[in-house]
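Just below is one structure, and these are the notes that go with it.
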Amino acid sequence: MCNFRAVYFLAKDRSGGVQRTGLLLFVALLVAFATPSFSGMRPIHVEGANLVTGNQPIRLRGIDWGWWHLSGTRYTEDDMRKQAAWGANVARLVFSYGDLEKLDKTDTWRDDGFKQFDDVIRWGDKYGVYTILDMHVAPGGQSNAPYTDGGRNKIWGDPQYQQRYIDLWKEIARRYRNRPEVAAYELMNEPDTRQPTDAALASLNRRAVAAIRTIDPNKVIVVTGDHMSSASCLTDEIKVDDPNIVYTFHFYDGASDRWVGNLKNGDGSHGTMPWTKIDETFVAPPHVSLLCAMLRSTDNSGDAWFDDVKLEDESGNTLLQSGFDTGPSGFQPERGPQAPMTYDPAVGHDKPGSLRVGGTVSYNGWTSARIRVDAGKTYRLSGWVKLDNATGDTYLSAAFFSDYLLPKAELATHLDSAIAFGRKYNVPLWVGEFGCEASVVPREEQPRWVRDCISLFEGANFNWTYWNYRETTGPDSMALHAEKKDGTDYPVNTMLLAALKDGWRLNGR
Numbered sequence: 415m416c417n418f419r420a421v422y423f424l425a426k427d428r429s430g431g432v433q434r435t436g437l438l439l440f441v442a443l444l445v446a447f448a449t450p451s452f453s454g455m456r457p458i459h460v461e462g463a464n465l466v467t468g469n470q471p472i473r474l475r476g477i478d479w480g481w482w483h484l485s486g487t488r489y490t491e492d493d494m495r496k497q498a499a500w501g502a503n504v505a506r507l508v509f510s511y512g513d514l515e516k517l518d519k520t521d522t523w524r525d526d527g528f529k530q531f532d533d534v535i536r537w538g539d540k541y542g543v544y545t546i547l548d549m550h551v552a553p554g555g556q557s558n559a560p561y562t563d564g565g566r567n568k569i570w571g572d573p574q575y576q577q578r579y580i581d582l583w584k585e586i587a588r589r590y591r592n593r594p595e596v597a598a599y600e601l602m603n604e605p606d607t608r609q610p611t612d613a614a615l616a617s618l619n620r621r622a623v624a625a626i627r628t629i630d631p632n633k634v635i636v637v638t639g640d641h642m643s644s645a646s647c648l649t650d651e652i653k654v655d656d657p658n659i660v661y662t663f664h665f666y667d668g669a670s671d672r673w674v675g676n677l678k679n680g681d682g683s684h685g686t687m688p689w690t691k692i693d694e695t696f697v698a699p700p701h702v703s704l705l706c707a708m709l710r711s712t713d714n715s716g717d718a719w720f721d722d723v724k725l726e727d728e729s730g731n732t733l734l735q736s737g738f739d740t741g742p743s744g745f746q747p748e749r750g751p752q753a754p755m756t757y758d759p760a761v762g763h764d765k766p767g768s769l770r771v772g773g774t775v776s777y778n779g780w781t782s783a784r785i786r787v788d789a790g791k792t793y794r795l796s797g798w799v800k801l802d803n804a805t806g807d808t809y810l811s812a813a814f815f816s817d818y819l820l821p822k823a824e825l826a827t828h829l830d831s832a833i834a835f836g837r838k839y840n841v842p843l844w845v846g847e848f849g850c851e852a853s854v855v856p857r858e859e860q861p862r863w864v865r866d867c868i869s870l871f872e873g874a875n876f877n878w879t880y881w882n883y884r885e886t887t888g889p890d891s892m893a894l895h896a897e898k899k900d901g902t903d904y905p906v907n908t909m910l911l912a913a914l915k916d917g918w919r920l921n922g923r
């Protein structure tokens with residue numbers, strides 16, 4: 415904020431003349447209005463079930479800055495400017511411990527990483543947007559999700575990783591304890607201890623809170639439940655005895671594709687076989703709107719290779735074509751690493767490059783991304799297969815899915831456990847993530863689901879942030895503004911933006 419009285423007397427003292435004073439004051443006023451500043455942003459604290467700044471309640475309604483530094487995603491000051499213009503008042507900054515910690519030595523920090531933090535926080539301060547710091551990847555990994563340090567999930571049983579985690583939070587608190595534009599520290603994203611009770615998470619949460627409080631006694635701290643942070647994971651055990659805690663959960667309920675069945679299971683080829691073309695012609699079953707191609711090899715102690723996979727509709731239009739000349743081409747392993755699931759650059763049908771499956775226990779294979787199809791229409795899936803001492807069955811198949819969007823009344827019941835937790839302990843709740851893929855449901859249904867969620871969140875007095883602002887996964891993802899891997903942008907998802915702006919307008923900006 416500009417202190418105009420101070421500007422006036424400083425100008426008068428330096429110029430010694432009234433006319434000069436007036437000119438300098440006029441210039442100072444122009445600069446003050448031309449460069450917005452929110453350096454007077456007030457710190458946020460908890461009072462009962464509400465967040466408060468000064469003496470006024472505040473609801474945080476914003477968006478996630480997801481995959482920051484991950485998957486090639488880029489954010490700039492212009493993203494913050496747009497977010498503020500749309501009415502959002504908070505950005506959840508997703509980060510990995512590797513952004514801030516030198517991996518070759520503990521207790522040493524990456525000043526370049528903290529500088530990039532400072533840039534984002536400064537942008538938020540400039541445009542009046544709070545920042546929440548979310549540790550999306552903890553040292554050693556906090557779940558089996560691949561992005562969490564390779565899915566190692568080591569933090570729960572390794573005291574060294576736990577200490578690194580706590581030391582990093584202490585360093586973050588040291589740097590940002592006097593920065594009111596940093597609204598909160600979010601301890602950990604979507605933990606999954608894989609244990610029957612919440613004891614391991616509850617213990618580490620309490621240790622982290624206690625360590626932060628030795629440095630920063632006032633900042634809001636965000637705590638979540640175990641088992642990937644669903645609403646039902648807010649349990650009594652994760653409650654922390656601290657007056658300045660917000661509890662968070664993620665909400666993706668009722669906006670997904672529901673598996674209907676497979677084209678075929680088994681009855682495939684086995685033994686040793688040179689490259690052979692396989693065709694499957696089929697009619698998409700009733701209510702099916704999506705499918706993924708499956709390259710399967712079940713109970714196979716030998717090896718199978720797949721190449722030149724193609725899906726066509728009844729008019730001959732190509733919906734999928736993958737030659738695997740340079741990589742998996744959008745296919746991914748169907749199940750976890752139970753067997754060698756590799757891209758083989760040396761073996762191929764017409765050209766080197768294919769997908770290999772071998773040593774499978776039960777079923778496994780490669781699956782494509784979801785492809786939109788029409789129930790009742792005919793499709794043809796083809797591909798080339800090579801076998802070497804293969805047992806079991808190797809075949810082409812497809813998994814069928816139907817769109818699944820819960821009506822608002824039923825969607826509301828999925829929030830009951832979170833609402834009950836908030837009322838029981840009189841604490842504020844924050845939906846840290848919610849989102850709906852445009853590729854999973856009809857595009858026009860995505861904003862409808864988002865509006866339903868926001869309406870329910872508002873009725874329950876929840877704070878909320880939408881997942882996700884930016885992604886490099888394509889225009890049919892959850893992203894509001896998807897970008898290409900080369901750094902250029904797809905168009906903003908205007909229907910989704912309209913739904914979010916309706917919610918952000920409640921911020922009164």
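Quick note: the sequence shown uses our numbering, first residue 415, plus one each step.
Beta carbons: idealized from backbone N, C-alpha and C, even for Gly.
It should be emphasised that the depicted structure is a prediction, and the values quoted were computed from it without experimental measurement.
Which residues mark the beginning and the end of the beta strand (DSSP E) in which residue i is found?
i: residue 845; result: 843 to 848
i: residue 566; result: Note, residue 566: premise wrong, no beta strand (DSSP E); not H, not E.
i: residue 672; result: 669 to 676
i: residue 711; result: 704 to 712
i: residue 476; result: 475 to 479
i: residue 898; result: Per DSSP, residue 898 belongs to no beta strand (DSSP E) and is neither H nor E.
i: residue 695; result: 683 to 697
i: residue 550; result: 544 to 551
i: residue 661; result: 659 to 665
i: residue 637; result: 634 to 638
i: residue 880; result: 877 to 880
i: residue 654; result: Taken as a continuous stretch (DSSP letters only), residue 654 belongs to no beta strand (DSSP E), as it is neither H nor E.
Span of the alpha helix (DSSP H) holding residue i?
i: residue 862; result: 859 to 873
i: residue 909; result: 908 to 918
i: residue 834; result: 830 to 839
Who are the Cβ neighbours of residue i in its own chain at under 8 Å, not counting the five residues just before and after it?
i: residue 912; result: 861
i: residue 516; result: 522, 523 and 524
i: residue 409; result: Outside the modelled stretch of the chain, which goes from 415 to 923, sits residue 409, for which no answer is possible.
i: residue 814; result: 673, 674, 675, 676, 677, 698, 699, 702, 704 and 705
i: residue 498; result: 541, 542, 543 and 923
i: residue 803; result: 685, 686, 715, 716 and 717
Using 8 Å as the threshold, is the C-beta distance between residue i and residue j below it?
i: residue 920; j: residue 907; result: no
i: residue 790; j: residue 637; result: no
i: residue 652; j: residue 619; result: yes
i: residue 641; j: residue 603; result: no
i: residue 798; j: residue 689; result: yes
i: residue 673; j: residue 626; result: no
i: residue 552; j: residue 599; result: no
i: residue 734; j: residue 723; result: yes
i: residue 671; j: residue 820; result: no
i: residue 805; j: residue 682; result: no
i: residue 716; j: residue 801; result: yes
i: residue 787; j: residue 702; result: yes
i: residue 591; j: residue 630; result: yes
i: residue 502; j: residue 535; result: no
i: residue 840; j: residue 774; result: no
Cα-Cα, which of the options is closest to residue i?
i: residue 776; options: 749, 801, 639 and 758; result: 749
i: residue 475; options: 486, 532, 546 and 512; result: 546
i: residue 537; options: 880, 870, 455 and 680; result: 455
i: residue 762; options: 771, 756, 739 and 782; result: 739
i: residue 563; options: 554, 672 and 673; result: 554
i: residue 889; options: 863, 914, 457 and 852; result: 852
i: residue 857; options: 594, 909, 879 and 556; result: 909
i: residue 457; options: 597, 648 and 571; result: 597
i: residue 658; options: 466, 572 and 873; result: 466
i: residue 607; options: 558, 747 and 792; result: 558
i: residue 865; options: 849, 854 and 494; result: 849
i: residue 771; options: 868, 829 and 712; result: 712
i: residue 916; options: 869, 887, 886 and 881; result: 869
Leaving out five residues before and five after residue i in sequence, what residues of the same chain have Cβ atoms less than 6 Å from its Cβ?
i: residue 844; result: 660, 662 and 877
i: residue 904; result: 889 and 896
i: residue 811; result: 676, 677, 678, 708 and 710
i: residue 432; result: Low per-residue confidence applies at residue 432: pLDDT is 38, beneath 50, and the placement is therefore not dependable enough to give any value.
i: residue 506; result: 478, 546, 548 and 879
i: residue 918; result: 475, 500, 501 and 502
With 8 Å set as the bound, which would you pick, yes or no: does the beta-carbon of residue i sit closer than that to a beta-carbon of chain C?
i: residue 482; result: Any reference to chain C falls outside this structure, which holds one protein chain only.
By Cβ distance, which residues of its chain are closer than 7 Å to residue i, with the 5 residues on each side in sequence left out?
i: residue 436; result: Legend: pLDDT at residue 436 = 43, less than 50; position of this residue unreliable, no value from coordinates given.
i: residue 464; result: 471 and 842
i: residue 468; result: 456
Is the closest heavy atom of the ligand GTP to the C-beta of residue i under 7 Å?
i: residue 683; result: Of the ligands one can find in the structure shown there are none, so the ligand GTP has no counterpart to examine.
Ordered list of beta strand (DSSP E) runs contained in the segment 749 to 823, each at least 3 residues: Whole beta strand (DSSP E) segments, 3+ residues: 755 to 758, 768 to 772, 779 to 781 and 792 to 819.
Identify every run of the beta strand (DSSP E) within the segment 575 to 621, keeping only runs that are complete inside it and at least 3 residues long; order them along the chain. Counting whole runs of 3 or more residues, the segment 575 to 621 contains the beta strand (DSSP E) stretches 596 to 600.
Contained alpha helix (DSSP H) runs [length at least 4] in the segment 501 to 534, N- to C-terminal order: As for any alpha helix (DSSP H) of minimum length 4 sitting wholly inside the segment 501 to 534, the runs are 511 to 514, ordered along the chain.
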